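Student: Letter by letter, the sequence shown follows residues 13 to 467 in my numbering. Glycine included, C-beta positions come from ideal geometry on N, C-alpha and C. Keep in mind the model is a prediction, meaning the values are calculated, not measured.
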Amino acid sequence: MTTRDDTKTTKTRLDALRVEIERRNPAQPEFHQAVHEVLDTLAPVLAARPEYAEPGLIERLCEPERQVIFRVPWQDDKGHVHVNRGFRVEFNSALGPYKGGLRFHPSVNLGIIKFLGFEQIFKNALTGLGIGGGKGGSDFDPHGRSDAEIMRFCQSFMTELYRHIGEHTDVPAGDIGVGGREIGYLFGQYRRITNRWEAGVLTGKGAGWGGSAIRPEATGYGSVLFAAAMLRERGEGLEGQTAVVSGSGNVAIYTVEKLLALGANPLTCSDSSGYVVDDKGIDVDLLKQVKEVERGRISDYAERRGASARFVPGGRVWDVPGDVALPSATQNELDENDAATLVRNGVKAVAEGANMPTTPEAVHLFQRAGVAFGPGKAANAGGVAVSALEMAQNHARTAWSPARVEEELAHIMGDIHTTCHETAERYGASGDYVTGANIAGFERVADAMLAQGVI
(Lines of atoms letter the chains of each structure in order from A and count residues from 1; the text may use other names and numbers.)
(Lines give C-alpha, C1' and ligand atoms only; values in the text may rest on other atoms or scores of the structure.)
Protein backbone atom coordinates (compact mmCIF):
# COMPACT_ATOMS: atom_id res chain seq x y z
CA MET A 1 0.00 0.00 0.00
CA THR A 2 1.33 3.44 -0.93
CA THR A 3 1.71 5.82 2.01
CA ARG A 4 1.78 9.59 2.04
CA ASP A 5 5.47 9.40 3.06
CA ASP A 6 6.23 7.22 0.01
CA THR A 7 4.63 9.77 -2.29
CA LYS A 8 6.43 12.66 -0.58
CA THR A 9 9.81 10.91 -0.89
CA THR A 10 9.16 10.19 -4.57
CA LYS A 11 8.24 13.80 -5.30
CA THR A 12 11.40 14.99 -3.55
CA ARG A 13 13.49 12.69 -5.73
CA LEU A 14 11.73 13.88 -8.88
CA ASP A 15 12.24 17.52 -7.92
CA ALA A 16 15.96 16.87 -7.52
CA LEU A 17 16.04 15.12 -10.89
CA ARG A 18 14.41 18.14 -12.57
CA VAL A 19 17.12 20.39 -11.22
CA GLU A 20 19.86 18.02 -12.39
CA ILE A 21 18.37 17.71 -15.88
CA GLU A 22 18.29 21.49 -16.27
CA ARG A 23 21.90 21.70 -15.09
CA ARG A 24 23.10 19.02 -17.51
CA ASN A 25 21.09 20.35 -20.44
CA PRO A 26 21.37 24.15 -20.31
CA ALA A 27 19.52 26.43 -22.75
CA GLN A 28 17.13 23.69 -23.87
CA PRO A 29 13.73 24.96 -22.63
CA GLU A 30 11.62 22.73 -24.88
CA PHE A 31 13.43 19.62 -23.65
CA HIS A 32 13.03 20.77 -20.04
CA GLN A 33 9.31 21.32 -20.65
CA ALA A 34 8.79 17.87 -22.15
CA VAL A 35 10.65 16.13 -19.32
CA HIS A 36 8.93 18.11 -16.58
CA GLU A 37 5.50 17.36 -18.07
CA VAL A 38 6.19 13.62 -17.79
CA LEU A 39 7.88 13.73 -14.39
CA ASP A 40 4.99 15.76 -12.96
CA THR A 41 2.69 12.77 -13.47
CA LEU A 42 4.91 9.86 -12.40
CA ALA A 43 4.85 10.18 -8.60
CA PRO A 44 1.82 7.88 -8.12
CA VAL A 45 3.22 5.03 -10.22
CA LEU A 46 6.69 5.29 -8.67
CA ALA A 47 5.20 5.19 -5.18
CA ALA A 48 2.91 2.26 -6.05
CA ARG A 49 5.52 0.18 -7.86
CA PRO A 50 8.87 0.19 -6.01
CA GLU A 51 10.70 -1.55 -8.86
CA TYR A 52 10.34 1.63 -10.92
CA ALA A 53 12.05 3.62 -8.19
CA GLU A 54 15.23 1.61 -8.73
CA PRO A 55 18.16 4.06 -8.71
CA GLY A 56 19.09 5.15 -12.19
CA LEU A 57 16.00 4.01 -14.10
CA ILE A 58 14.41 7.42 -14.63
CA GLU A 59 17.82 9.03 -15.01
CA ARG A 60 18.57 6.64 -17.88
CA LEU A 61 15.17 7.29 -19.43
CA CYS A 62 15.86 11.03 -19.51
CA GLU A 63 19.32 10.68 -21.08
CA PRO A 64 19.55 9.85 -24.82
CA GLU A 65 21.39 6.66 -25.69
CA ARG A 66 23.14 8.52 -28.50
CA GLN A 67 23.29 12.08 -29.87
CA VAL A 68 24.74 12.72 -33.31
CA ILE A 69 25.50 16.24 -34.62
CA PHE A 70 27.06 16.74 -38.02
CA ARG A 71 27.88 19.32 -40.71
CA VAL A 72 25.74 19.47 -43.85
CA PRO A 73 27.46 21.40 -46.68
CA TRP A 74 25.57 21.97 -49.93
CA GLN A 75 25.53 24.25 -52.99
CA ASP A 76 22.62 26.39 -54.12
CA ASP A 77 21.67 26.90 -57.77
CA LYS A 78 24.07 29.84 -58.05
CA GLY A 79 27.00 27.79 -56.84
CA HIS A 80 27.15 29.37 -53.37
CA VAL A 81 28.11 26.99 -50.58
CA HIS A 82 25.93 26.81 -47.45
CA VAL A 83 26.63 24.93 -44.23
CA ASN A 84 23.79 23.66 -42.06
CA ARG A 85 23.79 21.51 -38.98
CA GLY A 86 22.25 18.04 -38.87
CA PHE A 87 21.02 16.13 -35.83
CA ARG A 88 19.90 12.65 -34.90
CA VAL A 89 19.04 11.88 -31.27
CA GLU A 90 18.56 8.16 -30.66
CA PHE A 91 16.79 8.36 -27.33
CA ASN A 92 15.59 4.92 -26.25
CA SER A 93 15.60 1.52 -27.95
CA ALA A 94 14.22 -0.67 -25.14
CA LEU A 95 11.11 -1.55 -27.16
CA GLY A 96 12.62 -1.68 -30.66
CA PRO A 97 14.66 0.28 -33.20
CA TYR A 98 14.66 4.05 -32.79
CA LYS A 99 11.73 5.55 -34.70
CA GLY A 100 10.91 9.19 -35.31
CA GLY A 101 10.82 11.87 -37.96
CA LEU A 102 13.26 14.35 -39.46
CA ARG A 103 12.41 18.05 -39.22
CA PHE A 104 13.87 20.65 -41.60
CA HIS A 105 13.17 24.11 -40.17
CA PRO A 106 15.28 27.13 -39.15
CA SER A 107 14.20 26.70 -35.51
CA VAL A 108 15.79 23.26 -35.21
CA ASN A 109 18.50 22.89 -32.59
CA LEU A 110 19.63 20.14 -30.23
CA GLY A 111 17.08 21.06 -27.55
CA ILE A 112 14.19 20.91 -30.01
CA ILE A 113 15.31 17.50 -31.30
CA LYS A 114 15.73 16.17 -27.76
CA PHE A 115 12.25 17.31 -26.76
CA LEU A 116 10.78 15.64 -29.83
CA GLY A 117 12.78 12.45 -29.25
CA PHE A 118 11.76 12.26 -25.59
CA GLU A 119 8.09 12.64 -26.52
CA GLN A 120 8.55 9.96 -29.17
CA ILE A 121 9.57 7.36 -26.58
CA PHE A 122 6.14 7.43 -24.93
CA LYS A 123 4.15 7.99 -28.11
CA ASN A 124 5.74 4.95 -29.74
CA ALA A 125 5.26 2.85 -26.62
CA LEU A 126 1.54 3.66 -26.60
CA THR A 127 1.09 2.21 -30.10
CA GLY A 128 2.09 -1.23 -28.78
CA LEU A 129 4.08 -1.85 -31.98
CA GLY A 130 7.60 -2.42 -30.68
CA ILE A 131 9.43 0.74 -31.71
CA GLY A 132 11.83 2.90 -29.73
CA GLY A 133 12.06 6.70 -29.67
CA GLY A 134 14.27 9.00 -31.72
CA LYS A 135 14.17 12.22 -33.71
CA GLY A 136 16.35 14.21 -36.10
CA GLY A 137 16.55 17.06 -38.52
CA SER A 138 18.39 20.19 -39.54
CA ASP A 139 18.18 23.99 -39.33
CA PHE A 140 17.85 24.00 -43.14
CA ASP A 141 14.89 26.03 -44.45
CA PRO A 142 13.28 24.37 -47.53
CA HIS A 143 10.95 27.32 -48.22
CA GLY A 144 11.85 29.10 -51.44
CA ARG A 145 14.40 26.50 -52.46
CA SER A 146 14.26 24.75 -55.83
CA ASP A 147 13.82 21.00 -56.16
CA ALA A 148 17.46 20.76 -57.23
CA GLU A 149 18.66 22.61 -54.13
CA ILE A 150 16.54 20.43 -51.85
CA MET A 151 17.88 17.32 -53.59
CA ARG A 152 21.48 18.41 -53.04
CA PHE A 153 20.80 19.22 -49.40
CA CYS A 154 19.09 15.88 -48.78
CA GLN A 155 21.93 14.00 -50.45
CA SER A 156 24.51 15.78 -48.29
CA PHE A 157 22.41 15.16 -45.16
CA MET A 158 22.08 11.44 -45.90
CA THR A 159 25.79 11.11 -46.74
CA GLU A 160 26.43 11.45 -43.00
CA LEU A 161 23.17 10.10 -41.57
CA TYR A 162 23.38 6.73 -43.36
CA ARG A 163 26.11 5.59 -40.94
CA HIS A 164 23.71 5.75 -38.02
CA ILE A 165 20.46 4.27 -39.39
CA GLY A 166 19.08 0.94 -40.63
CA GLU A 167 15.85 -1.04 -40.54
CA HIS A 168 16.91 -2.82 -37.34
CA THR A 169 18.70 0.19 -35.84
CA ASP A 170 17.02 3.54 -36.47
CA VAL A 171 14.19 4.29 -38.90
CA PRO A 172 13.58 8.00 -39.66
CA ALA A 173 10.46 9.43 -41.28
CA GLY A 174 9.16 12.88 -42.22
CA ASP A 175 8.14 15.80 -40.04
CA ILE A 176 7.87 19.55 -40.59
CA GLY A 177 9.66 20.42 -43.84
CA VAL A 178 10.18 16.78 -44.79
CA GLY A 179 7.51 15.30 -47.02
CA GLY A 180 7.39 12.76 -49.82
CA ARG A 181 9.81 14.72 -52.01
CA GLU A 182 12.48 14.90 -49.32
CA ILE A 183 12.01 11.25 -48.29
CA GLY A 184 12.52 10.27 -51.93
CA TYR A 185 15.81 12.15 -52.22
CA LEU A 186 16.99 10.80 -48.85
CA PHE A 187 16.13 7.21 -49.75
CA GLY A 188 17.78 7.49 -53.16
CA GLN A 189 21.05 8.64 -51.60
CA TYR A 190 20.90 5.92 -48.93
CA ARG A 191 20.39 3.28 -51.63
CA ARG A 192 23.25 4.71 -53.70
CA ILE A 193 25.73 4.77 -50.81
CA THR A 194 24.87 1.38 -49.31
CA ASN A 195 24.23 -0.47 -52.60
CA ARG A 196 21.17 -2.21 -51.19
CA TRP A 197 17.39 -1.89 -51.35
CA GLU A 198 16.50 -1.60 -47.68
CA ALA A 199 12.93 -0.33 -47.85
CA GLY A 200 12.48 -0.45 -44.07
CA VAL A 201 15.18 2.17 -43.38
CA LEU A 202 12.83 5.11 -43.99
CA THR A 203 9.06 5.46 -43.75
CA GLY A 204 6.81 7.89 -45.55
CA LYS A 205 7.99 6.55 -48.90
CA GLY A 206 5.98 6.79 -52.12
CA ALA A 207 3.25 4.19 -52.58
CA GLY A 208 4.99 2.78 -55.68
CA TRP A 209 8.30 2.08 -53.97
CA GLY A 210 7.66 0.69 -50.51
CA GLY A 211 5.35 3.25 -48.92
CA SER A 212 2.13 2.47 -47.10
CA ALA A 213 -1.37 3.55 -47.99
CA ILE A 214 -2.78 6.12 -45.54
CA ARG A 215 0.67 7.15 -44.26
CA PRO A 216 0.33 10.80 -45.39
CA GLU A 217 -3.11 10.97 -43.78
CA ALA A 218 -2.35 9.03 -40.61
CA THR A 219 -1.37 11.74 -38.11
CA GLY A 220 -4.31 13.98 -38.97
CA TYR A 221 -6.77 11.10 -39.17
CA GLY A 222 -5.52 9.74 -35.86
CA SER A 223 -5.91 13.00 -33.95
CA VAL A 224 -9.53 13.27 -35.12
CA LEU A 225 -10.21 9.65 -34.14
CA PHE A 226 -8.80 10.37 -30.69
CA ALA A 227 -10.96 13.50 -30.34
CA ALA A 228 -13.99 11.46 -31.36
CA ALA A 229 -13.16 8.82 -28.74
CA MET A 230 -12.88 11.47 -26.00
CA LEU A 231 -16.26 12.89 -26.99
CA ARG A 232 -17.85 9.41 -27.05
CA GLU A 233 -16.60 8.87 -23.52
CA ARG A 234 -18.74 11.89 -22.61
CA GLY A 235 -21.76 10.69 -24.53
CA GLU A 236 -21.28 12.92 -27.59
CA GLY A 237 -20.09 12.52 -31.18
CA LEU A 238 -18.20 14.59 -33.72
CA GLU A 239 -21.08 14.88 -36.16
CA GLY A 240 -22.39 18.43 -36.29
CA GLN A 241 -19.57 19.86 -34.15
CA THR A 242 -17.52 22.85 -35.29
CA ALA A 243 -13.74 22.56 -35.20
CA VAL A 244 -10.85 25.02 -35.02
CA VAL A 245 -7.70 23.66 -36.69
CA SER A 246 -4.30 25.37 -36.75
CA GLY A 247 -1.66 24.82 -39.41
CA SER A 248 -2.02 24.02 -43.10
CA GLY A 249 0.63 21.37 -43.60
CA ASN A 250 0.21 17.62 -43.85
CA VAL A 251 -1.27 17.11 -40.37
CA ALA A 252 -3.76 19.98 -40.64
CA ILE A 253 -4.90 19.04 -44.15
CA TYR A 254 -5.79 15.48 -43.20
CA THR A 255 -7.25 16.58 -39.89
CA VAL A 256 -9.66 18.71 -41.93
CA GLU A 257 -10.35 15.80 -44.30
CA LYS A 258 -11.21 13.39 -41.48
CA LEU A 259 -13.36 15.96 -39.66
CA LEU A 260 -15.41 16.39 -42.82
CA ALA A 261 -15.70 12.61 -43.27
CA LEU A 262 -17.08 12.25 -39.73
CA GLY A 263 -19.63 15.03 -40.18
CA ALA A 264 -17.86 17.83 -38.33
CA ASN A 265 -17.35 21.34 -39.72
CA PRO A 266 -13.70 22.53 -39.71
CA LEU A 267 -13.75 26.33 -39.83
CA THR A 268 -10.08 27.35 -39.88
CA CYS A 269 -6.53 26.71 -40.99
CA SER A 270 -3.40 28.84 -40.65
CA ASP A 271 0.23 29.44 -41.49
CA SER A 272 2.92 31.83 -40.24
CA SER A 273 1.28 34.76 -42.02
CA GLY A 274 -2.14 34.45 -40.38
CA TYR A 275 -5.28 32.34 -40.48
CA VAL A 276 -8.38 31.74 -42.57
CA VAL A 277 -11.95 31.43 -41.33
CA ASP A 278 -14.30 29.71 -43.76
CA ASP A 279 -17.94 29.93 -42.68
CA LYS A 280 -18.92 27.12 -45.08
CA GLY A 281 -16.17 24.88 -43.76
CA ILE A 282 -12.69 24.42 -45.19
CA ASP A 283 -12.65 23.10 -48.76
CA VAL A 284 -10.04 20.38 -48.37
CA ASP A 285 -9.48 19.92 -52.11
CA LEU A 286 -8.69 23.61 -52.56
CA LEU A 287 -6.47 23.53 -49.46
CA LYS A 288 -4.50 20.62 -50.90
CA GLN A 289 -4.11 22.41 -54.23
CA VAL A 290 -2.81 25.60 -52.60
CA LYS A 291 -0.51 24.03 -50.00
CA GLU A 292 0.62 20.67 -51.43
CA VAL A 293 0.68 21.32 -55.17
CA GLU A 294 1.40 25.05 -55.45
CA ARG A 295 3.18 25.39 -52.08
CA GLY A 296 1.36 28.70 -51.62
CA ARG A 297 0.22 30.71 -48.62
CA ILE A 298 -3.02 30.37 -46.72
CA SER A 299 -4.07 33.82 -47.98
CA ASP A 300 -4.18 32.29 -51.49
CA TYR A 301 -6.85 29.89 -50.26
CA ALA A 302 -9.00 32.77 -49.01
CA GLU A 303 -8.67 34.69 -52.28
CA ARG A 304 -9.82 31.71 -54.34
CA ARG A 305 -12.47 30.38 -51.99
CA GLY A 306 -14.80 33.31 -52.34
CA ALA A 307 -17.11 35.19 -50.01
CA SER A 308 -17.34 32.50 -47.32
CA ALA A 309 -13.64 32.75 -46.42
CA ARG A 310 -11.65 35.61 -44.98
CA PHE A 311 -7.95 35.86 -44.26
CA VAL A 312 -6.87 37.38 -40.94
CA PRO A 313 -3.21 38.48 -41.04
CA GLY A 314 -1.37 37.67 -37.83
CA GLY A 315 -3.78 37.25 -34.96
CA ARG A 316 -4.69 34.08 -33.12
CA VAL A 317 -6.67 31.31 -34.78
CA TRP A 318 -7.89 30.35 -31.29
CA ASP A 319 -10.06 33.47 -31.20
CA VAL A 320 -12.49 31.62 -33.51
CA PRO A 321 -15.23 29.82 -31.52
CA GLY A 322 -15.45 26.04 -31.98
CA ASP A 323 -16.63 22.91 -30.20
CA VAL A 324 -13.33 21.09 -30.78
CA ALA A 325 -9.79 22.47 -31.12
CA LEU A 326 -7.03 20.60 -32.94
CA PRO A 327 -3.64 22.37 -32.75
CA SER A 328 -1.74 20.93 -35.71
CA ALA A 329 1.13 23.35 -36.41
CA THR A 330 4.07 23.46 -33.99
CA GLN A 331 5.18 23.47 -30.35
CA ASN A 332 3.77 25.97 -27.84
CA GLU A 333 1.37 27.55 -30.33
CA LEU A 334 -1.57 27.56 -27.89
CA ASP A 335 -0.91 29.47 -24.66
CA GLU A 336 -2.89 30.17 -21.49
CA ASN A 337 -4.64 33.22 -22.96
CA ASP A 338 -5.68 31.18 -26.01
CA ALA A 339 -6.98 28.42 -23.74
CA ALA A 340 -9.01 30.92 -21.74
CA THR A 341 -10.56 32.23 -24.96
CA LEU A 342 -11.43 28.72 -26.15
CA VAL A 343 -13.01 27.88 -22.78
CA ARG A 344 -15.09 31.06 -22.83
CA ASN A 345 -16.24 30.13 -26.31
CA GLY A 346 -17.40 26.70 -25.14
CA VAL A 347 -14.74 24.30 -26.41
CA LYS A 348 -15.46 20.70 -25.37
CA ALA A 349 -12.34 18.82 -26.45
CA VAL A 350 -8.77 19.55 -27.52
CA ALA A 351 -6.64 16.97 -29.34
CA GLU A 352 -3.00 17.76 -30.13
CA GLY A 353 -2.12 16.96 -33.73
CA ALA A 354 1.30 18.64 -33.41
CA ASN A 355 4.03 17.82 -30.89
CA MET A 356 3.56 19.71 -27.59
CA PRO A 357 1.58 22.58 -29.18
CA THR A 358 -0.08 23.50 -25.89
CA THR A 359 1.85 25.23 -23.10
CA PRO A 360 1.72 23.66 -19.61
CA GLU A 361 -0.32 26.60 -18.29
CA ALA A 362 -2.88 26.12 -21.07
CA VAL A 363 -3.10 22.38 -20.40
CA HIS A 364 -3.81 23.01 -16.72
CA LEU A 365 -6.47 25.57 -17.59
CA PHE A 366 -8.24 23.10 -19.89
CA GLN A 367 -8.15 20.44 -17.20
CA ARG A 368 -9.51 22.77 -14.53
CA ALA A 369 -12.32 23.79 -16.89
CA GLY A 370 -13.29 20.16 -17.52
CA VAL A 371 -12.29 20.19 -21.19
CA ALA A 372 -11.27 16.78 -22.56
CA PHE A 373 -7.59 17.17 -23.42
CA GLY A 374 -5.70 14.64 -25.58
CA PRO A 375 -1.91 15.12 -25.36
CA GLY A 376 0.17 14.73 -28.50
CA LYS A 377 1.91 11.54 -27.40
CA ALA A 378 -1.51 9.88 -27.54
CA ALA A 379 -3.59 11.95 -29.95
CA ASN A 380 -1.03 12.25 -32.76
CA ALA A 381 0.40 8.73 -32.50
CA GLY A 382 -1.41 7.69 -35.68
CA GLY A 383 1.46 8.83 -37.88
CA VAL A 384 4.12 6.72 -36.25
CA ALA A 385 1.66 3.83 -35.91
CA VAL A 386 1.20 3.66 -39.68
CA SER A 387 4.96 4.13 -40.10
CA ALA A 388 5.39 0.95 -38.06
CA LEU A 389 2.79 -0.74 -40.25
CA GLU A 390 4.82 0.41 -43.26
CA MET A 391 7.87 -1.27 -41.73
CA ALA A 392 5.87 -4.48 -41.34
CA GLN A 393 4.75 -4.36 -44.98
CA ASN A 394 8.34 -3.72 -46.10
CA HIS A 395 9.58 -6.70 -44.10
CA ALA A 396 7.01 -8.98 -45.77
CA ARG A 397 7.56 -7.46 -49.25
CA THR A 398 3.85 -6.73 -49.51
CA ALA A 399 1.43 -3.81 -49.61
CA TRP A 400 -1.84 -3.63 -47.72
CA SER A 401 -5.00 -2.06 -49.09
CA PRO A 402 -5.98 1.44 -47.93
CA ALA A 403 -9.05 -0.07 -46.24
CA ARG A 404 -6.92 -2.49 -44.23
CA VAL A 405 -4.45 0.20 -43.11
CA GLU A 406 -7.23 2.57 -42.12
CA GLU A 407 -8.93 -0.20 -40.18
CA GLU A 408 -5.66 -0.94 -38.36
CA LEU A 409 -5.19 2.77 -37.62
CA ALA A 410 -8.69 3.08 -36.16
CA HIS A 411 -8.07 0.00 -34.01
CA ILE A 412 -4.72 1.35 -32.73
CA MET A 413 -6.13 4.79 -31.91
CA GLY A 414 -9.05 3.17 -30.09
CA ASP A 415 -6.63 1.05 -28.07
CA ILE A 416 -4.50 4.10 -27.21
CA HIS A 417 -7.58 5.97 -25.98
CA THR A 418 -8.71 3.01 -23.89
CA THR A 419 -5.22 2.50 -22.44
CA CYS A 420 -4.88 6.17 -21.47
CA HIS A 421 -8.37 6.34 -19.99
CA GLU A 422 -8.05 3.13 -17.98
CA THR A 423 -4.53 3.94 -16.74
CA ALA A 424 -5.68 7.34 -15.49
CA GLU A 425 -8.55 5.70 -13.62
CA ARG A 426 -6.21 3.07 -12.14
CA TYR A 427 -4.06 5.83 -10.61
CA GLY A 428 -6.93 7.96 -9.34
CA ALA A 429 -6.88 10.54 -12.16
CA SER A 430 -10.09 9.68 -14.03
CA GLY A 431 -10.47 11.66 -17.24
CA ASP A 432 -6.88 12.96 -17.17
CA TYR A 433 -5.47 11.76 -20.49
CA VAL A 434 -2.12 13.46 -19.83
CA THR A 435 -1.50 11.35 -16.73
CA GLY A 436 -2.89 8.26 -18.40
CA ALA A 437 -0.69 8.62 -21.48
CA ASN A 438 2.47 9.38 -19.54
CA ILE A 439 2.10 6.54 -17.06
CA ALA A 440 0.99 3.95 -19.64
CA GLY A 441 3.90 4.78 -21.93
CA PHE A 442 6.32 4.88 -19.00
CA GLU A 443 5.23 1.47 -17.69
CA ARG A 444 5.83 -0.22 -21.04
CA VAL A 445 9.29 1.30 -21.51
CA ALA A 446 10.33 0.89 -17.87
CA ASP A 447 9.39 -2.80 -17.81
CA ALA A 448 11.58 -3.42 -20.87
CA MET A 449 14.46 -1.41 -19.42
CA LEU A 450 14.36 -3.34 -16.14
CA ALA A 451 14.29 -6.67 -17.98
CA GLN A 452 17.33 -5.77 -20.10
CA GLY A 453 19.63 -4.61 -17.31
CA VAL A 454 21.59 -1.44 -16.71
CA ILE A 455 22.66 -0.43 -20.22
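Out of S224, G234, V362 and V183, point me to the one whose CA is closest to V213's CA.
Tutor: Comparing Cα-Cα distances from V213 to each of S224, G234, V362 and V183, the minimum goes to V183.
Student: Could you pull the start and end residues of the beta strand (DSSP E) that H94 belongs to?
Tutor: Taken as a continuous stretch (DSSP letters only), the beta strand (DSSP E) holding H94 covers V93 to N104.
Student: Based on DSSP bridge pairs, tell me the residues matched to W86.
Tutor: H94.
Student: Out of L299, R164 and E131, which has the shortest C-alpha to C-alpha gap to G91?
Tutor: Among L299, R164 and E131, the Cα nearest to that of G91 belongs to R164.
Student: Go ahead and pull the three-state DSSP assignment for Q464.
Tutor: Correct three-state label for Q464: helix.
Student: Within the segment 113 to 185, note down every full alpha helix (DSSP H) run reaching 4 residues or more, in order along the chain.
Tutor: The qualifying runs are 122 to 139 and 159 to 173.
Student: So, does the segment 269 to 279 touch the segment 410 to 421, judging by three or more C-beta pairs under 8 Å?
Tutor: No: fewer than three Cβ pairs fall under 8 Å.
Student: Find out if the Cβ-Cβ distance for the pair P76, G144 is shorter than 8 Å.
Tutor: No, Cβ-Cβ distance for P76 and G144 is not below 8 Å.
Student: Comparing C-alpha positions only, which one of D291, S282, G327 and D331 sits nearest to D312?
Tutor: Of the listed residues, the one whose Cα sits closest to D312 is S282.
Student: Do you know offhand how far Q343's Cα is from C74's?
Tutor: When rounded, the distance between both Cα atoms is 20 Å.
Student: Where do the ends of the alpha helix (DSSP H) carrying R322 lie?
Tutor: Where R322 is concerned, there is no enclosing alpha helix (DSSP H), although the beta strand (DSSP E) it sits in stretches over A321 to P325.
Student: Would a C-beta distance cut-off of 8 Å place R227 and E402 closer than the cut-off?
Tutor: Yes.
Student: So, do the segment 296 to 304 and the segment 260 to 268 have three or more beta carbon pairs nearer to each other than 8 Å?
Tutor: Touching, yes.
Student: State the Cα-Cα distance for the pair R30 and E315, rounded to the nearest angstrom.
Tutor: So the alpha carbons of these two residues sit roughly 49 Å apart.
Student: Comparing alpha-carbon positions, which option in A458, K217 and Y233 lies nearest K270?
Tutor: Measuring from the Cα of K270, the nearest candidate turns out to be Y233.
Student: Buried or exposed: where does N207 fall if 16 or more other Cβ atoms within 10 Å of its Cβ makes it buried?
Tutor: By the 10 Å Cβ count, N207 comes out exposed.
Student: Looking at A106: is its Cβ nearer than 8 Å to the Cβ of A460?
Tutor: Contact flag set, yes.
Student: With distances taken from CA atoms, which of S224, T410, L272 and N406 is nearest V256?
Tutor: Minimum Cα distance to V256 is reached at L272.
Student: With DSSP as the reference, label A337 as helix, strand or coil.
Tutor: Residue state, collapsed to three classes: strand.
Student: What first and last residue would you give for the alpha helix (DSSP H) that runs through A276?
Tutor: Unbroken run through A276: none, as it is neither H nor E.
Student: Which word fits R100, buried or exposed, when buried means at least 16 other C-beta atoms lie within 10 angstroms of its C-beta?
Tutor: Counting Cβ neighbours within 10 Å, R100 comes out buried, since at least 16 surround it.
Student: List the whole-angstrom C-beta distance separating H117 from D153, where the pair is believed to meet the contact cut-off of C-beta under 8 Å.
Tutor: 7 Å between Cβ atoms; contact.
Student: Which whole-angstrom value describes the C-beta separation of L346 and P369, a residue pair presumed to lie in contact below a C-beta threshold of 8 Å?
Tutor: The pair is a contact, with the Cβ atoms about 6 Å apart (cut-off 8 Å).
Student: Given 8 Å as the limit, is there contact between the segment 110 to 126 and the segment 373 to 384, that is, 3 or more CB pairs closer than that?
Tutor: The segment 110 to 126 is not in contact with the segment 373 to 384.
Student: Quick one: grab the DSSP three-state call for K23.
Tutor: Three-state result, K23: helix.
Student: Please state whether DSSP places K292 in a helix, a strand or coil.
Tutor: Three-state result, K292: coil.
Student: Ends of the beta strand (DSSP E) at V362?
Tutor: Looking at the DSSP string, the run of the beta strand (DSSP E) that includes V362 is A361 to A363.
Student: According to DSSP, is M13 helix, strand or coil?
Tutor: Because the pLDDT of M13 is 47, which lies under 50, any placement of that residue in the model is unreliable, and the question is left without a value.
Student: Around the C-beta of A361, are 16 or more other C-beta atoms found within 10 angstroms, so that it is buried, or is it exposed?
Tutor: Buried, since its Cβ has 16 or more Cβ neighbours within 10 Å.
Student: Check whether the segment 379 to 386 and the segment 238 to 255 touch, using three or more Cβ-Cβ pairs below 8 Å as the test.
Tutor: A contact exists between the segment 379 to 386 and the segment 238 to 255.
Student: In terms of residues, what are the limits of the beta strand (DSSP E) holding N256?
Tutor: At residue 256 the sequence reads Val, which differs from the Asn that was named. Looking at the DSSP string, the run of the beta strand (DSSP E) that includes V256 is T254 to V257.
Student: Just verifying my parser: in three-state terms, what is the DSSP assignment at T371?
Tutor: T371 falls in the coil class under three-state DSSP.
Student: So what does DSSP say about Q405, is it helix, strand or coil?
Tutor: Three-state result, Q405: helix.
Student: At which residues does the alpha helix (DSSP H) containing A422 begin and terminate?
Tutor: From DSSP, the alpha helix (DSSP H) with A422 extends over P414 to R438.
Student: Using only CA atoms, which one of K292, F169, R246 and A230 lies nearest to P414?
Tutor: Checked all of K292, F169, R246 and A230; the closest Cα to P414 is A230.
Student: Return helix, strand or coil for R36, following the three-state DSSP convention.
Tutor: It is helical.
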